[in-house]
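Following my numbering, the numbering of the sequence shown begins with 20 at its first residue and continues without gaps.
The C-beta atom is built at its ideal place from N, Cα and C for all residues, glycine as well.
Below is one structure, written out as structure tokens; the observations come after it.
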Amino acid sequence: MVGGVLLLVLALGAWLWWSAKSYQSLQSQERLHCDLPQLAAGSPHPGMVWVPGGTLAMGDTVYAEEMPVRKVPVQGFWMDRTEVTNAQFAAFVQATGYVTVAERAVDPKVHPELPPDLLLPGAVVFVSPTSLSGDGNPTQWWRYLAGAHWRHPGGQHTSIAGREAFPVVNLTFQDAQAYAKWAGRALPTEAQWEWAAREASAQTPTTHGQPAQANTWQGMFPVANSAQDGFVGLAPVGCYAPNALGLFDMLGNVWEITRDRYTASHAVLAQEAEEAEVDTAAIAGRKPGTPGQVPSHVIKGGSFLCAPNYCMRYRAGARQAQEDDLAVSHLGFRTILQAPGP
Ligand SMILES: [Ca+2]
């Protein structure tokens, strides 16, 4: 009996040692860059792909906020084939001197409820918890870190040196809008984003499984991450196969900001979805916000933190709200361009 227990303890110890070693090995061999395929010569908008128009069956049937599924016409547009990278955002900051929301102190008039340490410039960063209480409170893995912003994505002692090809994070809607405007582009509407992630297909999805070609979370979130997809945390852009349109990382890696203000369901589209040129951002924007609450925008695609047991939002139809004045470490963006097709 004692021998059996001893064997069990030894086996458990070996398994823990092996797990820790695999995890360290993954971290030490972290890939900092993935090669993207050559673009077709003579593309009018380098770095972007053409998304043809059609009618989207917008939404899905897993979580309440994705419902009801609505038919929404979408015109063709160009879209960045990858998420905006640290290198691209650095070029914007260098050219404009732009200071992101996470680099500014929080206005106590807007947030009188916050203690002084949460009014300091900073961002909400995912920190893997060493232990977990059963109440599922997300503050066990999300921490507001003073000094975290796009140049210091994991807190003030971290840096983006060598990580130029990673998606830029710790931004807000306002920051993404500022970049898009500078680049002569726009943020996608929720419908445009979802249509592109669906590969311009009018079909309603019938499966809801974890995508193979995406950086998500394998294991029991937030304590066990086997990283079978090759990445414990963020991945550089373009490490997984693109979708049929040539778009990389639409699902997983980082959530992506859209220009639709968040509404709790798709019902707001109900009366206007048959219009020929429906603009989901304009419709959502006409709905009055909640007095006293900072507005939120829709974010899409899920992130490296989405797992089957926690956030099955690694799907085109999934959506989530993100407060406009709060930067987070799992959120990035890409831009679109409304211009004639190829
Ligand atoms: Ca992963």
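Asked	Found
Buried or exposed (CB count within 10 angstroms, at least 16 for buried), D194	buried
Near ligand 1: W236 beta-carbon under 7 Å from a heavy atom	yes
Assigned exposure category for V242 - 16 Cβ within 10 Å defines buried	exposed
C-alpha distance - V68 paired with V91, whole-angstrom precision	21 Å
Bridge-paired residues (DSSP) for L356	W97
Residue from P255, T74, W201 and Y329 whose Cα sits closest to the Cα of T104	P255
Runs of alpha helix (DSSP H) lying entirely within the region 80-137, each at least 4 residues, in chain order	105-115
Residue span of the beta strand (DSSP E) that contains Y333, given as start and end	Element bounds for Y333: n/a, residue is neither H nor E.
Beta-carbon gap between Q232 and A246 smaller than 8 Å	no
Counted within 10 angstroms of its Cβ, other Cβ atoms place N156 as buried (16 or more) or exposed	exposed
Range of the contiguous beta strand (DSSP E) that encloses A231	Here A231 belongs to no beta strand (DSSP E), and DSSP marks it neither H nor E.
Backbone CA spacing between G203 and G351 [nearest angstrom]	18 Å
Inter-stretch contact at 8 Å, needing at least 3 Cβ pairs: the region 181-199 / the region 107-122	yes
Inter-residue CB distance, L266 and A219 (contact presumed, cutoff 8 Å)	About 10 Å; that fails the 8 Å criterion.
Outcome for N328 when other beta-carbon atoms lying within 10 angstroms are tallied against a minimum of 16	exposed
Inter-residue CB distance, T235 and G271 (contact presumed, cutoff 8 Å)	5 Å
Status (buried if at least 16 other CB within 10 Å, exposed otherwise) for A221	exposed
E342 - partner residues in DSSP beta bridges	S315
DSSP-derived helix/strand/coil call for A205	strand
For A172, three-class secondary structure by DSSP	According to the sequence shown, residue 172 is Pro rather than Ala. Coil, per DSSP.
For V251 and A165, the rounded distance between their alpha carbons	23 Å
Rounded straight-line distance, which links the Cα of H168 to that of W212	25 Å
Proximity test, D248 beta-carbon vs ligand 1 heavy atom, cut-off 7 Å	yes
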